[in-house]
Structure formats: structure tokens, C-alpha cells
Amino acid sequence: MTTADPYVLRLKRASTPRQKVGTTAWYIAVIAVSITTVFPLIWTIVTSLKPEGEILSSSLQIWPDQPTLENYVKAWTSVPFGRYFFNSTFLAVAGVVLNIFFGSLAGYAFARLRFRGKRVLFGTLLSSLMIPGIVTMVPTFLVLRRFPFAGGNDFFGQGGMGFINSYWAIILPGAAGAFAVFFMRQFFASMPEELAEAARIDGASEFRIFAQIYMPLAKAGAAVLGILTFQAGWNSFMWPLIVLSDRDMLTVQVGLAAFKTEHTTDYGPLMAGTVIVSLPVLLIFVLAQRYIIEGVAHVGSK
Numbered sequence: 579m580t581t582a583d584p585y586v587l588r589l590k591r592a593s594t595p596r597q598k599v600g601t602t603a604w605y606i607a608v609i610a611v612s613i614t615t616v617f618p619l620i621w622t623i624v625t626s627l628k629p630e631g632e633i634l635s636s637s638l639q640i641w642p643d644q645p646t647l648e649n650y651v652k653a654w655t656s657v658p659f660g661r662y663f664f665n666s667t668f669l670a671v672a673g674v675v676l677n678i679f680f681g682s683l684a685g686y687a688f689a690r691l692r693f694r695g696k697r698v699l700f701g702t703l704l705s706s707l708m709i710p711g712i713v714t715m716v717p718t719f720l721v722l723r724r725f726p727f728a729g730g731n732d733f734f735g736q737g738g739m740g741f742i743n744s745y746w747a748i749i750l751p752g753a754a755g756a757f758a759v760f761f762m763r764q765f766f767a768s769m770p771e772e773l774a775e776a777a778r779i780d781g782a783s784e785f786r787i788f789a790q791i792y793m794p795l796a797k798a799g800a801a802v803l804g805i806l807t808f809q810a811g812w813n814s815f816m817w818p819l820i821v822l823s824d825r826d827m828l829t830v831q832v833g834l835a836a837f838k839t840e841h842t843t844d845y846g847p848l849m850a851g852t853v854i855v856s857l858p859v860l861l862i863f864v865l866a867q868r869y870i871i872e873g874v875a876h877v878g879s880k
């Protein structure tokens, strides 16, 4: 018998009927939640492998009788998925770069600089996180539509479409999100103030202190912010659907709507397209889930 065995036996003897009931309830809840969350993904993958006639006749069957990749071929060839992938990738990467840059700059200012109205501005920033995004859609659309000297507009915002139906309509509203500022502010606030004071004594400018001292120490936070921003940008549907109308400008999420018409839905290619679109985000999450959890835990502990 090893030295650990008596400890295990003590734990077993310490279990009471109430603890057993609690443990059983815990496992039942975990299994139920797992089935609820995983089953839609499994159903989507299985449906994407079913022939057209089998999808409606045996929609709940967990494995197709005649598996086929025809839906994936149809999904890739019937719509310009390559162009949609480029649009989504470009917009998501642009959002990542701009949010890391502006979010880090603003986060550093709120964490390390002293200026009048700092508390009020930061409180206003936090308050903006509570406003649902759908509330600001109409004002944001009008600002982009009436922006002077953009998209054929004159000084008064008349005569053209502004930034509507262009990449800028997606990039500009999300270039400096309030969450990015708050997230990076929490990272910079956890770093020692002595680093900045020593650099200021040596004559370093504030931007140099930010770029060469604090930013390298916040690489982990910037990486987490980049992953979360990419995921949000890639999965965005409503805003691109509103501001993009040109077929060549659509994103993959909006492009999936091509398989659904007013009267019919082509479920096979739609499910196959959904699986293809989900792969980049799933791959990033699997590879970087440890950094996401660590980053969120770091921010939450401050």
C-alpha cells in the first residue's frame, strides 16, 4: 500500500449521503449542459454529410446512411466563398490591429497618466459597455452615410453614400472598442509605476515609455485581446448585412444567407458552409484557449 492510499480511504469515509447526492446532481447537470451545447454542432456536421433527400426524411438521425461531400462542393462553388473569406479575414485582422493599437494607447493613458476628468471619462467608458450594440446602429449608420467628403459626399454630407458599402463602414466603428480600452487598462494598471518614473527621470518621452517599456510587458494581454477581437469580427453578421450590399464586399457570415431564399432553404450546402466558416474560429480557440482563460482571469482579479 502506498502512502497516498490512507488519504484516499479517509476521503471515501468522509463522504456523506448529502455529498453523494450533490456529486450525482453535479454530474447530471454537467452531462446535460454538455449535450445541450455540443449536440447542435454534431447535428450541423452530420447534416452537412447527408444527401439532399436524406436531410428532411431523417433529420434527427445521428449518422447519414450514405455520407457524401457533395454539400461541401456545392457550398464552395455556388457562391464566391474565396472572396467572402478574404473579406472576412481582412476585416477581422484590421479590427485586431486597430483595437490592439488604440486600445493599448487609451488603456495606458487611463492606467498610468494623470489628467483632469480621468475618472469621469473612464466611468463614461464603462457605462458605454452597458449599451446594447443594436441601439447605436442607426446613429452610426447615419454618421457613416453623411460623413463629409467620403463616398461622393460634399461638405454637408450630401450627394453620395459616405462610407456605406465599403470596408471603412466595418473598420471605423470598431476601431477602438470600449472593451479593448478597459481590457488593456487592467493589464497596465497591474504593472509597477516605478518603471515609468525611472524612464521619465532618464528623459524618455511618454510614448517611448509606453512603446518600449510597458507594451512589451503587456504582450500576453494584447494577444488575448487580439484573439477575442478576431472572433467577434469573424462572427459579426448584423452590421455587415446592414452596411454592405455589393456582392463582392460580403463576408462569409452574410454569404451563408445565399442558401436561404424567401420560400426554400438549401440545408445541405448551408450546413456545409457553416462548418467551413466555423473552422478558423474553432482552430484559434483550441490553440489559444489557455491564453484566453489566463487573460480573462488576470483582468477579473484586478
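Going letter by letter, the sequence shown gives residues 579 to 880 in our numbering. Ideal placement from N, C-alpha and C gives every residue a C-beta, glycine not left out. Since the model is a prediction, treat every value here as computed from it, not as a measurement.
Identify every run of the alpha helix (DSSP H) within the segment 752–807, keeping only runs that are complete inside it and at least 4 residues long; order them along the chain.
-> Counting whole runs of 4 or more residues, the segment 752–807 contains the alpha helix (DSSP H) stretches 756–767, 772–779 and 784–787.
What's the C-alpha gap between glutamine 736 and glycine 729?
-> Distance between the alpha carbons of glutamine 736 and glycine 729 is about 10 Å.
So, do the segment 784–792 and the segment 697–714 have three or more beta carbon pairs nearer to each other than 8 Å?
-> No contact exists between the segment 784–792 and the segment 697–714.
Within its chain, find whatever has a CB closer than 6 Å to the CB of alanine 684; leave out the 5 residues flanking it on each side and keep chain order.
-> Once the five neighbours on either side are set aside, the close Cβ partners of alanine 684 are Val759.
Completely contained alpha helix (DSSP H) runs for the segment 670–745, where each covers 4 or more residues | The qualifying runs are 696–706 and 715–723.
May I have the straight-line CA-CA distance separating methionine 816 from threonine 615, to the nearest angstrom?
-> Methionine 816 and threonine 615: Cα-Cα distance of roughly 23 Å.
N-terminal and C-terminal residue of the alpha helix (DSSP H) that serine 656 is part of = Per DSSP, the unbroken alpha helix (DSSP H) holding serine 656 starts and ends at 648–656.
Buried versus exposed call for arginine 763 [16 or more other C-beta atoms within 10 Å across all chains shown] = With 16 or more neighbouring CB atoms inside 10 Å of its own CB, arginine 763 falls in the buried class.
How about alanine 703 and alanine 754: do their beta carbons lie closer than 8 Å?
-> The question names alanine, yet the displayed sequence has leucine at residue 703. Not closer than 8 Å, so no.
With DSSP as the reference, label lysine 628 as helix, strand or coil.
-> Lysine 628 carries a coil assignment under DSSP once its states are collapsed to helix, strand and coil.
Under the three-state reduction of DSSP, which class applies to threonine 622: helix, strand or coil?
-> Residue state, collapsed to three classes: helix.
Alpha-carbon spacing of valine 611 relative to proline 618, whole angstroms = Here the alpha carbons of proline 618 and valine 611 stand approximately 12 Å from one another.
Using three-state DSSP, classify threonine 839 as helix, strand or coil.
-> The answer is coil: DSSP assigns threonine 839 none of H, G, I, E or B.
Is it right to say tryptophan 770 is buried, meaning 16 or more other beta carbons lie within 10 angstroms of its own, or is it exposed?
-> The sequence as given places proline at residue 770; tryptophan does not occur at that position. Burial call: exposed.
Nearest residue (CA-CA) to proline 751, options Arg697, Val855, Phe680 and Ala776 | The option with the nearest alpha carbon to proline 751 is Phe680.
Test item: CB-CB of asparagine 743 and aspartate 824 under 8 Å | It is a contact, given that the beta carbons lie within the stated cut-off.
Which residues mark the beginning and the end of the alpha helix (DSSP H) in which tryptophan 641 is found?
-> Neither: tryptophan 641 is in no alpha helix (DSSP H) and is coded neither H nor E.
With DSSP collapsed to three states, give me the class of phenylalanine 815.
-> It is coil, neither helix nor strand.
Could you tell me which of Leu822, Val853, Ile854 and Val830 sits nearest to phenylalanine 719, measuring between CA atoms?
-> The residue with the shortest Cα to Cα distance from phenylalanine 719 is Leu822.
Would DSSP call serine 635 helix, strand or coil?
-> In this structure, serine 635 counts as helix in the three-state DSSP scheme.
Same chain only: Cβ atoms within 6 Å of lysine 652, ignoring 5 sequence neighbours per side | Spatial neighbours of lysine 652 in its own chain (CB-CB distance under 6 Å, excluding positions within 5 residues in sequence) are listed in chain order as Pro847.
For isoleucine 863, which residues from the same chain have a beta carbon less than 6 Å from its beta carbon, with the 5 sequence-adjacent residues on both sides left out?
-> Note that residue 863 is phenylalanine in the sequence shown here, rather than isoleucine. Excluding sequence neighbours, phenylalanine 863 sits near nothing in its chain.
Since threonine 852 and threonine 622 are thought to touch, with beta carbons under 8 Å apart, how far apart are those beta carbons, to the nearest angstrom?
-> Right, their Cβ atoms sit about 6 Å apart.
If you count every other CB in all the chains shown that lies within 10 Å of the CB of alanine 607, and 16 or more means buried, which is it?
-> Result: exposed.
Buried or exposed: where does proline 818 fall if 16 or more other Cβ atoms within 10 Å of its Cβ makes it buried?
-> Buried: at least 16 other Cβ atoms inside 10 Å.
Straight-line gap, aspartate 643 to serine 637 (C-alpha atoms, nearest Å) | Those two C-alpha atoms are separated by around 12 Å.
Express the C-alpha separation of threonine 646 and glycine 631 in angstroms, rounding to a whole number.
-> For glycine 631 and threonine 646, the distance between alpha carbons rounds to 12 Å.
How is leucine 750 classed by DSSP in three states: helix, strand or coil?
-> Here leucine 750 carries a coil assignment [DSSP, helix/strand/coil].
Give a yes or no on contact between the segment 828–835 and the segment 661–668, applying the rule of three or more CB pairs nearer than 8 Å.
-> With a cut-off of 8 Å, the segment 661–668 and the segment 828–835 count as touching, because enough Cβ pairs lie within range.
May I have the straight-line CA-CA distance separating lysine 696 from serine 705, to the nearest angstrom?
-> Counting only the Cα atoms, serine 705 lies some 14 Å from lysine 696.
Any chance you could list the beta strand (DSSP E) runs of at least 3 consecutive residues sitting entirely within the segment 819–868, in chain order?
-> Listed in chain order, there is nothing to give.
Which residues in the same chain have their Cβ closer than 7 Å to the Cβ of valine 657, if we skip the five residues on either side of it in sequence?
-> For valine 657, where only same-chain residues beyond five positions count, the Cβ hits under 7 Å are Gly833 and Ala836.
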